[in-house]
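Anchor point for the sequence shown: position 211 equals 211 in UniProt numbering, and the numbering is continuous, going up by one each time.
C-beta: ideal position from N, C-alpha, C; glycine also.
Written below as structure tokens is the structure these notes are about.
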Amino acid sequence: MRPIDADIALAVIAERWEGRLIGVTGADQRFHHSISELIANPHTRFSEGPVSYEHRATGPDADRRVVAFGVHLLRRDGIPLAVTQRAPAPQQGQEQAMIEVISSDEDAAVALLEELRRLMLERSVLKGKVLSFQPTQFGDSAGATFLPRPDVPAEAIVLPPGVLEAVVSHVVGIGEHREALRAAGQHLKRGVLLYGPPGTRKTLTVRHLLGRTPGTTAVVLTGSSIGFVTQAAELARTFQPSIVVLEDIDLVAMEHSYSPQPLLFEVLDALDGLDADADVAFVMTTNRVQVLERALATRPGRAKGATGSFAKELMRRAQCWPRRCGAAR
């Protein structure tokens, strides 16, 4: 649960329902007690105090003050509810944000949680932004971080005639016809591989694609951060339409993450795991496509059925629209 999405959703709920926000005294002890214990604890008497706040990013150059610890006292149709809102507090042993609800009416509590989930998705600050995942020193994800959306015009990219247009048509054009394609039973999930030696405008092409798709959620992973491709694919599925960019994928073709298989296979599994009608485009770049060829040949269960060339198969699928086409893999 992202603290800022929960904060936005609870603010909306508080406006619609009768309620007020209070803080809780008790120093660090309050972090170790549930909402019921805050109300009635035989050993510690908690009381109303100031609300604790912290700032969280809402974009590359913007932030929002969110509740780090507070209690919402709400009333819906005469039924009282109390909601504790807690941001992560690793120093207190709390790694994740937490929402607790207490009410004398179970249906009211369930309805509040359902509305909270709906609003968190509907109003998420991640939707329509350019994001990345950064690994911590322990190898896990530090969460999604915001990147500025680039602005690279087509005139700034020098490629053979028709190449940029073909890439844009596949990555962007399919999404522009999503409703018609879904109605016709066609696939939306798609992918393209941009390959060639340094200087062949791969990264510039990616930046052009991101710049001409405002409002589209984009996740950009480079090098070792490609290990978070599963999280990226889930985020892309949740906030469609979306683009997942995997730069320099050859650097991790034979690298292992926490599982025994190379990260490249996790990329392919992420593609396989998305529904065919998901409006998600994978854009991959590599300087050494031959490394991908060797890695693909070692994938269990894929060698016999492979069509030969990883790159050729990707590019073949990239040109198959408007015919039925699956994920590029």
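*The beta strand (DSSP E) spanning GLU247 covers which residue range?*
The residue labelled residue 247 in the question sits at position 247 within the sequence shown. Element bounds for GLU247: 242 to 247.
Tell me ALA154's beta-bridge partners as DSSP assigns them. Walking along the sequence shown from the start, residue 154 turns up at place 154. Paired residue(s): none; ALA154 is not in a bridge.
Tell me, to the nearest whole angstrom, how far the beta carbon of VAL51 is from that of LEU21; I am working on the premise that it is less than 8 angstroms.
Residue numbering aside, residue 51 sits at position 51 when the sequence shown is read from its first letter. Residue numbering aside, residue 21 sits at position 21 when the sequence shown is read from its first letter. The pair is a contact, with the Cβ atoms about 6 angstroms apart (cut-off 8 angstroms).
- Decide yes or no for the touch test of the segment 141 to 151 against the segment 51 to 60: beta carbon pairs closer than 8 angstroms, at least 3 of them. yes
* Along the chain, which unbroken stretches of the alpha helix (DSSP H) at least 4 residues long are found entirely within the segment 32 to 70? -> 35 to 39
Check your understanding: Based on the DSSP secondary-structure assignment, which residues constitute the bridge partners of ILE102?
Key -> Walking along the sequence shown from the start, residue 102 turns up at place 102. Answer is ALA82, bridged to ILE102.
My output table needs one value for GLN290: the three-state DSSP class, helix, strand or coil. Here residue 290 is taken as the residue at index 290 of the sequence shown, counted from 1. Three-state DSSP puts GLN290 in a helix.
Straight-line Cα distance separating GLY175 from ASP61: Translated into positions along the sequence shown, residue 61 becomes position 61. Translated into positions along the sequence shown, residue 175 becomes position 175. Going from the Cα of ASP61 to the Cα of GLY175 covers about 28 angstroms.
Same chain, Cβ closer than 8 angstroms to ALA11, neighbours up to 5 away in sequence not counted: Your numbering for residue 11 matches position 11 in the sequence shown. Once the five neighbours on either side are set aside, ALA11 has no close Cβ partner at all.
Pick from SER242, GLU266, VAL291 and GLU155 that is closest to PHE282, judged by C-alpha positions: Start at 1 with the first residue of the sequence shown, and residue 282 comes out as number 282. Nearest in C-alpha terms to PHE282, of all of SER242, GLU266, VAL291 and GLU155, is SER242.
Discussion item. Nearest by alpha-carbon distance to THR285: which of GLY196, ALA68 and ASP105 is it?
Written reply: To locate residue 285, count along the sequence shown from 1; it is residue 285. The candidate whose alpha carbon is nearest that of THR285 is GLY196.
Integer Cβ distance of PRO3 from PRO80, believed to fall under 8 angstroms: As a working mapping, residue 3 is identified with position 3 in the sequence shown. As a working mapping, residue 80 is identified with position 80 in the sequence shown. The Cβ separation is near 25 angstroms, so there is no contact.
Give the straight-line distance between the Cα atoms of LEU112 and GLN96, rounded to the nearest whole angstrom.
Counting from one through the sequence shown, the residue named residue 112 turns up at place 112. Counting from one through the sequence shown, the residue named residue 96 turns up at place 96. Rounded to the nearest angstrom, the two C-alpha atoms are 20 angstroms apart.
Margin query: Taking only three categories from DSSP, how would you classify LEU21?
Written below: Here residue 21 refers to the residue found at position 21 of the sequence shown. It is a strand residue.
Take TYR53 and list the residues in its own chain whose beta-carbon comes closer than 7 angstroms to its own, dropping the five residues that flank it on each side.
Counting from 1 along the sequence shown, the entry for residue 53 is found at position 53. The answer, listed in chain order, is ARG65, VAL66, VAL67 and ALA68.
| message | Going by C-alpha to C-alpha distance, which of THR216, GLU155 and LEU194 sits closest to GLY173? | response | Translated into positions along the sequence shown, residue 173 becomes position 173. Checking every option, the nearest Cα to that of GLY173 belongs to THR216.
### Three-state secondary structure assigned by DSSP to ALA111
As a first step, residue 111 is located in the sequence shown; it is residue number 111 there, counting from the start. Here ALA111 sits in helix by DSSP.
Cβ shell of MET98 (< 7 angstroms), same chain only, five flanking positions each side left out = Position 98 of the sequence shown holds residue 98. The residues ARG86, in chain order, have a CB closer than 7 angstroms to that of MET98 in the same chain once the five nearest residues on each side in sequence are set aside.
Look up LEU147 in the DSSP assignment and give the residues it is bridged to.
As a position in the sequence shown, residue 147 is number 147, starting the count at 1. Beta-bridge pairing links LEU147 to VAL130.
Open item on the list: Tell me the DSSP secondary structure of ARG212 in three-state form.
Closed with: As a position in the sequence shown, residue 212 is number 212, starting the count at 1. Of the three classes helix, strand and coil, the one that applies to ARG212 here is coil, per DSSP.
For this session: Can you give me the Cβ contacts of ILE8 inside the same chain, cut-off strictly under 6 angstroms, excluding the 5 residues immediately before and after it?
Result: Along the sequence shown, one-based indexing puts residue 8 at 8. ARG123, listed in sequence order.
Coarse secondary structure for ALA9, derived from DSSP in three states:
Along the sequence shown, read from residue 1 onward, the residue named residue 9 stands at position 9. If DSSP states are grouped into helix, strand and coil, ALA9 belongs with the helices.
query: For GLN96, does the three-state DSSP call read helix, strand or coil?
result: As a working note, residue 96 is residue 96 in the sequence shown. DSSP places GLN96 in coil when its eight states are reduced to three.
| query | From the DSSP output, which residues share a beta bridge with THR238? | reply | Taking the first residue of the sequence shown as position 1, residue 238 is located at position 238. According to DSSP, THR238 bridges with nothing at all.
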